[in-house]
Structures are given as C-alpha cells and as structure tokens.
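Chains as they are written, first to last, in my numbering: chain A, 633 to 855; chain B, 137 to 483; chain C, 81 to 438.
Where is the CB? At the ideal position from N, CA and C, for every residue including glycine.
For clarity, every value in this text was computed on a predicted model and none was experimentally measured.
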Amino acid sequence: MDWYPLYNSLRIAAISGVIVFFTGIFAAYYVARLPRLIKGVLDVLLTLPLVLPPTVVGFFLILMLGPNHPVGNWFLNVFNIKLVMTWYSGVFAAAVVSFPLMYRTARGAFESFDETLAFSGQTLGLPNTYIFWRIRMPACRQGILAGAVLAFARALGEYGATSMIAGYIPGRTATISTTVYQLWRTDNSDLAFKWVVVNLVISAVVLLAVNMLEKKKPERWSY
Amino acid sequence: MSLSVNIKKNPGDFELDIAFESKDGVLGFLGASGSGKSMTLRCIAGIEKPDEGSIVLDGVTLFDSEKHINLPPQERHVGYLFQNFALFPNMTVRKNILCGLYNEKDIVKKKKISDDMITMLGLQDLEDHYPSQLSGGQQQRAAVARILVNNPNLLLLDEPFSALDSFLREQMQAQLLDVLRIFNKKAILVTHSRDEAYQLCSNLALLDNGHILRIGGTKELFADPESRRGAILTGCKNIVDARKTGENEVEVPAWGVRFITAKPVRDGLKAIGIRAHYFNPKAAANHYPVFFVEEIEEPFAWVITFAFSTQKKNSAPIWWRIPKDRKTDVLPKELGVAPKNILLLYE
Amino acid sequence: MPTLAGVASLEQIFRKQSSFRSCLYALLEMRVTLNMIQTCKSTIENKSLKQRITTMKKPISLLTAAIMAAACLTGCSSAGNPTAATAAIDTAAAAAATTASAAATTVAATTAEPVELIVFAAASMTETLNEIGSMYTAAHPNVTLTFNFDSSGTLKTQIQEGASCDLFISAGQKQMNQMDKTSDAAVNTEGLDLVLQGTRVNLLENKVVLVVPKSNPKNIKCFDDMAAGLNDGSILMAMGNSDVPVGQYTQKILTYYKLDEATLASAGVLSYGTNVKEVTTQVSQGTVDCGVVYYTDALSAGLTNVAEATRDMCGQAIYPAALINTTAHKDQAQAFLNYLKTDEAMTIFKNAGFNAVA
Chain A
633 MDWYPLYNSL RIAAISGVIV FFTGIFAAYY VARLPRLIKG VLDVLLTLPL
683 VLPPTVVGFF LILMLGPNHP VGNWFLNVFN IKLVMTWYSG VFAAAVVSFP
733 LMYRTARGAF ESFDETLAFS GQTLGLPNTY IFWRIRMPAC RQGILAGAVL
783 AFARALGEYG ATSMIAGYIP GRTATISTTV YQLWRTDNSD LAFKWVVVNL
833 VISAVVLLAV NMLEKKKPER WSY
Chain B
137 MSLSVNIKKN PGDFELDIAF ESKDGVLGFL GASGSGKSMT LRCIAGIEKP
187 DEGSIVLDGV TLFDSEKHIN LPPQERHVGY LFQNFALFPN MTVRKNILCG
237 LYNEKDIVKK KKISDDMITM LGLQDLEDHY PSQLSGGQQQ RAAVARILVN
287 NPNLLLLDEP FSALDSFLRE QMQAQLLDVL RIFNKKAILV THSRDEAYQL
337 CSNLALLDNG HILRIGGTKE LFADPESRRG AILTGCKNIV DARKTGENEV
387 EVPAWGVRFI TAKPVRDGLK AIGIRAHYFN PKAAANHYPV FFVEEIEEPF
437 AWVITFAFST QKKNSAPIWW RIPKDRKTDV LPKELGVAPK NILLLYE
Chain C
81 MPTLAGVASL EQIFRKQSSF RSCLYALLEM RVTLNMIQTC KSTIENKSLK
131 QRITTMKKPI SLLTAAIMAA ACLTGCSSAG NPTAATAAID TAAAAAATTA
181 SAAATTVAAT TAEPVELIVF AAASMTETLN EIGSMYTAAH PNVTLTFNFD
231 SSGTLKTQIQ EGASCDLFIS AGQKQMNQMD KTSDAAVNTE GLDLVLQGTR
281 VNLLENKVVL VVPKSNPKNI KCFDDMAAGL NDGSILMAMG NSDVPVGQYT
331 QKILTYYKLD EATLASAGVL SYGTNVKEVT TQVSQGTVDC GVVYYTDALS
381 AGLTNVAEAT RDMCGQAIYP AALINTTAHK DQAQAFLNYL KTDEAMTIFK
431 NAGFNAVA
C-alpha cells in the first residue's frame, strides 16, 4: 500500500493548521477592535469560505493562482514556482476553507474574555504582548483549542477545493480524500475502504488527544 | 501628591464633565450608579480616553487633548483595583504578585519585595493557590498586594468592597485603611456607600449625572451638603421645599411650620433637609405637635413615620429614626429639631 | 409521476388562455391531480401500475376526448397563433398523460400516446444530443426526451443501481461490455445483464487527440514528444482515470509506447481526472503541460490539438449504444436510436467532430 496520501494529508493539514492558527487569532483579535461598519464587512468576507461550496472556493483559487491568472502568472514568471498542481496547492485550499472555523471560534473566545484582566495588566505595567500571550490566550484556551482542532480536522478532510487546485497526481498531490474517490471510481473499492479506515483512525486519535489535553480545573465560586 | 483632573467625555447620551484637584489622602467619589464615577477612574488610569481635557499627576501630564498627549496605562504608574479584583485566573497568587514586579529586573529584589508583601497582607499559606481557590477577602488582599508591589503613585479603588459580604466588608475596610496609611499611598475610592465614604475618605466628591456637585472635606460635606442631590447622597431622608423668612428662619409650606436655624440663611434657599435621627421630643426649639403614621422595625432601630399637625394632606410623611432602646411605649406628642441640625440646601 | 416540466406547462396554460379555456384546463388539472393521487396510492398499495391503468382506461379515454375537444376549440379560436396552440396541446397532453404512460401499446409516433424517454449518454455528447433531441421532439411531439449526461462509468453505476433508463450511449466499449451478458466474464465481472439483446450498435467513432495549453510551454508537437517527456519526467500530463473511456484509450497509448503507467504515476508525471471535463479544464488552465482527450472534447473546449492517435496506438474509439432491457418503451426508444443513425442526425454529430462508424 502506497502510504503517500497519508503523509501528504497530514503534512497539508499540519501546515495549514499552523497558518490558520496564527492568522485566525490575529484576525479575531483585531477585527473585534474595528469600527462597526468595517468590522461587519470584514466579518462577512472572512467567514465566506465556510458557507461557500468547496468547489466554488476551488474555482476562485484557480482564478487567482492558476498559471494564466494574475498571481499564479507572476509567481511563475518571477520565481518559476507553480502554485497549482503541487502538494502545497493543497495547503492553500485547506487553509482557505478552514480559516473561518479558527477565526469564528477565536472571536467567540475573545469576546467572552473579561477585559478587566487586560486593563489590570496594563495598569501594572505589563506590555501588551505579554498580556495577549500570557493572560488573554490562557484564559481563552478552551475556545482557541477547539477552533484549532476544528480547523485541523477540516483541513484533513478537504476534498472539493483540493481536487480542483491540486488535482490527483499519485505520489505528488494525492491526499486521502482524493485517493478514496479515485480508487472508488476505478473499481478499487477494497483499497478505498482501507483508506477510509485510516482516516477514521486518525480523526479518532486527534479527538482523543484533544480531550486528554483539556484538563479541566475544578471551577469553584469564591466562598 | 497632586492630581489635577479636568475632562469631558460624551459617550452616547451621557455627558461626563469632571474637574477637580486633589492633594494627599483618600479622596472619595460618592454617587449613584451611572453617575460617572468608574468612567472618571478609567480615564485617569488610561483605560478610557476623554474627549478633551487634561490630567496631570505629580507634575507629569498623563493626558492632554490639546498637546495630543495620551500616555498608555503602562506608563502612568496608576494602580487600579477592580470590583472583581481581576486576579489572573491562570496564575498562582505568587505569580500574580510577581506580575506587579514585571518591570523590576533584579531577581533577588523581586523575591524580597513579593515575600514581604505576602507576609504583610497575611497571604503566606496561599501563595500557591489559584484565585478560584481563594475567598473574597483573600482575593482582595492578593489584588491589593499585587498593586502595592507595583509601587504606583496613585491608587484607584473601584467599589472594592461591593463584592464582599457586610461582615467581611467592615474587616477589609479597616485593613485597607491601615495598608494605605502604612504605605502612604494617595488614593481615590469610588463608592456608593456613604458609610464607606465617611469612614475611609478624608475628602469627598459628590457626583451626580456626570459632574461633581461638591467637593471638600468629608465631615464638612456631610454636615452641610448644600444641595438636594448632595443631601440625598449623604443619606438625608427628609428633604422638603422651603423658603427664607428671616436671617435665621425658614418656612416649610408643605409642613406649615417655621424653623429657626443655627447657620445664617442665604438668599436663594430652595429646600431644607433634616436627618431622620435628629428629631427629638425634648428639643428646646422648633417643636410642633405631630401625629404618627407608621412604625417600621429595623434590626437595631425603629423608623417611625410621622407628620406635623399643620402638614398639608398630600405631603410625604417624615422619617424619624431612634435606636431601639430609646423608644418609649407612648409616643411623644411633639417633635422638634435642634437648629444646628437643619441642613440648608441651595440647589 | 408527472415531471416538473409537466406541472410548469400546466401553469403556462392557465395563464395564457382566456377564462373559458382556463376553466376547462382547470378541470383538466383537477382531474390530473386526482389521477396523480390515485397513482401514488396504488403504488403504495402495491398494485401494479398496469392494473391500475386498465381500471382507469374508461376515464382516460374520456380525458383524451376532453383534450381533443379542447384542442379543437383552441385550434378554432386562436387561428392566428398556431404554434401557441400546438404548444398548448403538447403540454396539456404531456401533463395529463402521466398515468397513461404505461398503457401505451402500438401507437404511431405522431398521433400516439405521449411518451417520456430517458437517455443516458456520455458527457462528450451533451451539445450534439441536445440539438438532435430537439429536432426529434419537434418531429415527434408526443415524445419527451430526458437526457442524463455524465461520465460513462458513473452512468453505468447508476443504471446498475436501478436508475430508470431507456437508452444508453457510452463513450467506450468497456462500460457497455460490463452490462452485456454476452461479453467475456473477464470484462463483465459482475455478471450484469442490462443490455437489451439485439439492440446494441456501434453508433459513433471519435478520435483520440493530444492537446496542449495555448502557450504550449513544453513545446509538445506529437505523441512521440509526449512519450519522451513522460519518460524523462519533464512534463506533467492530464489523463482520464481508468474509469473514463478516453482514459482507457490513453492507457493503450502508453502501452504502445512501452511506458509503464504505474511507474509514471509514482514518478508524479500523471494527473488523473475523474471525468473528461477535469482533463480539459486542466489543459485549458495551463496547470498541466498536455492532455489526452477525444477530438470532440478538444473542439468544444476550444483546445489546440497537436496530434491524432493512430489505430495502432489505441484502436478505434467507438461509442456503442443500446437499449436497456428494463425499458418500458422499447419501440419508441428503438425509433429514437434509429433516428440517431440517419443523415440528419449524423450531420450534427459530424459537425462536432464525430464520425459514423466505418
């Protein structure tokens, strides 16, 4: 059994996960501070990939990154780098579709954060970055972690946009989801089923790991 | 220390217009909810930005709208104690206090200062506890410790005792007073409790609807609030329209009586106030026949509402409060009030 | 069950005609609705449709008479609008005749009872069949053609899973063989018997071509260039996977050049598409260096084709057609299939790049 799709899927999901983790948190933190009108518009734009069909997302990605289109063309001419039909095209697709999950969850977590903690830190002279990483993030830990897991899972299971922008090249761009579909279509259902089981196992392991990491401290009201 | 504040802020339909100067000691902000007390504190701390004005502390300009100066909170050296204490939930007490020493580079010094403070505030066995494991009083002490190690020039206390039950509150008030005295910190205390204001604050500012009614020594303010709002804030229960009828005489149309006052009456008198506990059956002056309306029992006092015989039918009854052990079975036929206890209210 | 088209056409009638006629048609509509409900009920109650229809033959003939009467009325009063009238009759007939579909026996095409034919055809025939289809229904107004275009593999799976289909036109022999009981067991691995014996014909021939993106970055001019480029790993080629007919022909071409597909795949030089559209899109977007598709696909996608595969390379690309043996309209389906072989239909096919089978 060629294990490349497993390696590729995990690699794509991990890289996409890291990108989305930081960009999602960054966006969630700053968008909340913008004036209402801009905040509304940005909110819609940043959440759009969540409600669009993945094939629509894939279409837009090709429209930008394809070799006949502005961004793709530029990269090809200047750096001789192809942005589509490569394994890292899968990262673009996965990152775009999983970004809204991280963004919205982080937004929710930040909005339920007690701002007096941040204010108190400021009056004590703590720098804002310290306050963000050592006070705000730990307090929002649950929400941030949930968002990261969702984003990772979504990236792992991405099919529509990935298939459009990365295609199916065995040994290069094949992911678990595109492999399953191709195997099924070419009457290789047995092998397809094996991959389905692999995917289930990974997802189960990820969720278990997250549950274990989330050690809930006993919450007691002050007495 | 000297604090000079002169700010305006218009968030929505609320208008904040505060101007005052303060020297040493504890300045109290007494006012009803929504009168702008907390917002003023936040502006001084730098958490909120006034629309215009200036704030100068010990010669350092913290904010000046004309010169476009607006120091971030980190640089103002103003400590702020929040109502909910704002201890960082993911850190132990010790770690919280060390946060206050973030800018102290010397590790040895850091440890010494924090250990001293922990001992002084009685937190020795609680250092490794998390805030959620502490009682309200312990949390407050930890929060105060954290602020004190930070060595601020000014302490802002935002209703620090409202999260505590009344028994604990009295204990903590005494403690805080000690702490403030020992560390010689100037502070502004925001409260809506007049007992707290009277006990803890040497000076008092009465706030109403975004501006200061009056500012001055606490005792003087309580003795002579000079305005109806001020009288209400300082706990006067009986406020009634009145007019000047002589150098030391006022008439209350609603009650149909005249009173002699100790202080000279200025022109422009609008009302008088008489605190509930100042009525006296044995008063030498200002006594009139009364009839009683209702008796309300409090834990340690009786509140008896009454009206003067000459009182108009539709006017509100008057409150008289006497300690339980002073109440007689037979209620007196007349009640009076000493001239010095009549508050002259000009607004 | 009436199609959405039927219901929509009822609406059309209702709006276009005068109030007198609207009443008439409203009555028809009521009748139809009642019939629909009864059909549903009978299906649930497990009576065969045929049984149900037999018992309803009398009301149906009444209905047909009513339609005729209405048709006459329409014909008389809207003399200046014959096409609208025919259309009205057409649609009225189609809508009202849903329950009568199963009862049709030997009915001449023009005056016959209305029929709906479901045709499954390879995606490469979309434009041509749609055009031929409208020509056919114009001449045979009682026939409604419903096409289902998709990759031949998908269609075969659908038929196998029980989808209603009267006529199947595949883009390759493999899919048809997989359903033909007379085929070799090695090909018809599931032992399916879905092809109606005696109706299978080789309808069209397509050419397999090599296409390149507009800029042809790797300067590929013929199949030899393609083979060389694949061999040394310098190009990326898009091809249909083994489930796509043109993909099967591509495999044959690779074998002709003595290239091992598995080796090429692990070298990462092959990009597999699950249908021809994926291949043409990748070539036209320029995300691959070349692709192998049918001539008709290249034409409709506007792709530059640089070479045509010879018979040695991959044999003939034949499109077989056959009736499915579960069809309930054997004669009408056969009539349509016959029409596809006429010169009229072949002209349309030829314009798109197909050929009649030599």
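**Prompt:** Skipping 5 residues on each side, what residues in its chain have a beta carbon closer than 7 Å to that of A:Gln814?
**Reply:** Closer than 7 Å at the Cβ level, and outside the excluded window around A:Gln814, lie Tyr800.
**Asked** Is there a Cβ from chain B that is less than 8 Å from the Cβ of A:Ser752?
**Response** Closer than 8 Å to some Cβ of chain B, the Cβ of A:Ser752 qualifies, so yes.
**Asked** What is the C-beta distance between A:Phe793 and A:Val728, in whole angstroms, given that I count them as a contact (C-beta under 8 Å)?
**Response** In the sequence under discussion, the amino acid at residue 793 of chain A is Ala, which differs from the Phe named in the question. Contact flag correct, Cβ pair sits at about 7 Å.
**Request:** Note down, in chain order, every chain A residue with its Cβ under 9 Å from the Cβ of C:Asn321.
**Result:** Ordered by position in chain A, the residues that pass the 9 Å Cβ test against C:Asn321 are Tyr800, Gln814, Arg817, Thr818.
**Request:** Would you mind stating whether C:Ile404 and C:Gln253 have Cβ atoms separated by less than 8 Å?
**Result:** In this structure, the beta-carbon distance from C:Ile404 to C:Gln253 does not fall below 8 Å.
**Request:** Could you list the residues in the stretch 207-224 of chain B with a C-beta less than 9 Å from some C-beta on chain D, going in chain order?
**Result:** Protein chains in the displayed structure are A, B and C, and chain D is not among them.
**Message:** Per DSSP, what are the beta-bridge partners of C:Cys370 in this structure?
**Reply:** Per DSSP, C:Met317.
**Asked** Apart from the five residues on each side of it in sequence, which residues of its chain come closer than 7 Å, Cβ to Cβ, to A:Pro685?
**Response** Within the same chain, and ignoring the five residues on either side of A:Pro685 in sequence, the residues whose Cβ sits closer than 7 Å to its Cβ are Gly792.
**Asked** Can a CB atom of chain C be found closer than 8 Å to the CB of A:Asn709?
**Response** Not closer than 8 Å to any Cβ of chain C, the Cβ of A:Asn709 fails to qualify, so no.
**Asked** Between the C-alpha atoms of B:Lys231 and B:Ile283, what's the straight-line distance to the nearest angstrom?
**Response** If I take the Cα positions, the gap works out to 13 Å.
**Prompt:** Ordered along the chain, which non-local residues of its own chain (more than five positions away) have a Cβ less than 8 Å from that of B:Phe427?
**Reply:** Closer than 8 Å at Cβ, skipping near neighbours: Phe442, Ala443, Ser445.
**Asked** Given that C:Gly366 touches chain A, what residues does it touch there, using C-beta distances under 8 Å?
**Response** Neighbours of C:Gly366 in chain A, taken as residues whose beta carbon is under 8 Å from its own, are Gly698, Pro699, Asn700 in chain order.
**Request:** Would you kindly work out how many angstroms separate the C-alpha atoms of B:Met175 and B:Val214, rounded to a whole number?
**Result:** Their Cα atoms are separated by approximately 15 Å.
**Asked** Along the chain, where does the alpha helix (DSSP H) that runs through B:Val141 open and close?
**Response** Per DSSP, B:Val141 belongs to no alpha helix (DSSP H); it is in the beta strand (DSSP E), 139-145.
**Asked** Comparing the C-beta of B:Ile318 with each C-beta of chain A, is any distance below 8 Å?
**Response** Closer than 8 Å: no.
**Asked** In chain C, which residues lie with their C-beta within 9 Å of the C-beta of A:Ile694?
**Response** What A:Ile694 touches in chain C: Thr361, Gln365, Thr367.
**Prompt:** Who are the near neighbours of B:Trp391 in its chain, counting only those whose CB is closer than 6 Å to its CB and skipping five residues on each side?
**Reply:** Hits under 6 Å: Phe444, Gln447.
**Message:** Between A:Ala771 and chain B, is any beta-carbon pair separated by less than 8 Å?
**Reply:** Closer than 8 Å to some Cβ of chain B, the Cβ of A:Ala771 qualifies, so yes.
**Message:** Cutting at 8 Å between CB atoms, please list the residues of its own chain near B:Asp264, excluding the five before and the five after it.
**Reply:** Thr228, Val229, Arg230.
**Asked** Taking only beta-carbon atoms, is A:Ala804 less than 8 Å away from chain C?
**Response** A quick correction: the sequence has Arg, not Ala, at residue 804 of chain A. Judged by the 8 Å Cβ criterion, A:Arg804 is in contact with chain C.
**Request:** From the DSSP output, in three-state form, read off B:His347 for me.
**Result:** In the structure shown, B:His347 sits in a strand (DSSP, three-state: E or B).
**Prompt:** Whose C-beta lies closer than 8 Å to the C-beta of A:Pro681 among residues of the same chain, with five residues either side of it excluded?
**Reply:** Spatial neighbours of A:Pro681 in its own chain (CB-CB distance under 8 Å, excluding positions within 5 residues in sequence) are listed in chain order as Val689, Val728, Val729, Phe731, Pro732.
**Item:** Under the three-state DSSP convention, the category B:Pro425 falls into
**Value:** It is a strand residue.
**Item:** Chain-order list of residues whose beta-carbon lies under 8 Å from that of B:Gly353 (same chain, five-residue window excluded)
**Value:** Around B:Gly353: Ser338, Asn339, Leu340.
**Request:** Determine, using beta-carbon pairs with one atom in the stretch 368-376 of chain C and one in the stretch 283-300 of chain C, whether at least three such pairs fall under 8 Å.
**Result:** Yes: the two stretches touch, three or more of their Cβ pairs being nearer than 8 Å.
**Prompt:** Buried or exposed: C:Met205, going by 16 or more other Cβ atoms within 10 Å of its Cβ?
**Reply:** By the neighbour-count rule (16 or more Cβ atoms within 10 Å), C:Met205 is buried.
**Request:** Write down the C-beta distance between B:Leu480 and B:Val401 rounded to the nearest angstrom, noting that I regard them as a contact closer than 8 Å.
**Result:** Sure, about 6 Å apart at Cβ, within 8 Å.
**Message:** For a quick check, are the C-beta atoms of C:Gln365 and A:Gly722 less than 8 Å apart?
**Reply:** No, they are not a contact pair.
**Prompt:** How about B:Val141 and B:Ile183: are their beta carbons less than 8 Å apart?
**Reply:** No, the Cβ-Cβ distance between B:Val141 and B:Ile183 is not below 8 Å.
**Message:** Let me see if you follow: with CB-CB separation under 8 Å, is C:Thr354 close to chain A or not?
**Reply:** C:Thr354 counts as touching chain A.
**Message:** Here's the rule: buried if 16 or more other CB atoms are within 10 angstroms of the residue's CB, otherwise exposed. What is C:Asp246?
**Reply:** Label assigned to C:Asp246: buried.
**Request:** For the beta strand (DSSP E) containing B:Arg457, list its first residue and its last residue.
**Result:** 454-459 is the span of the beta strand (DSSP E), which, as asked, contains B:Arg457.
**Item:** Where B:Val393 falls, given that 16 or more other Cβ within 10 Å makes a residue buried
**Value:** Burial state of B:Val393 is buried, judged by a 10 Å Cβ sphere holding 16 or more other Cβ atoms.
**Interface flag, B:Tyr334 vs chain A, CB-CB below 8 Å** = No - not a single Cβ of chain A is within 8 Å of the one on B:Tyr334.
**Message:** My output table needs one value for B:Lys373: the three-state DSSP class, helix, strand or coil.
**Reply:** B:Lys373 sits in coil when the DSSP states are folded into three classes, being neither helix nor strand.
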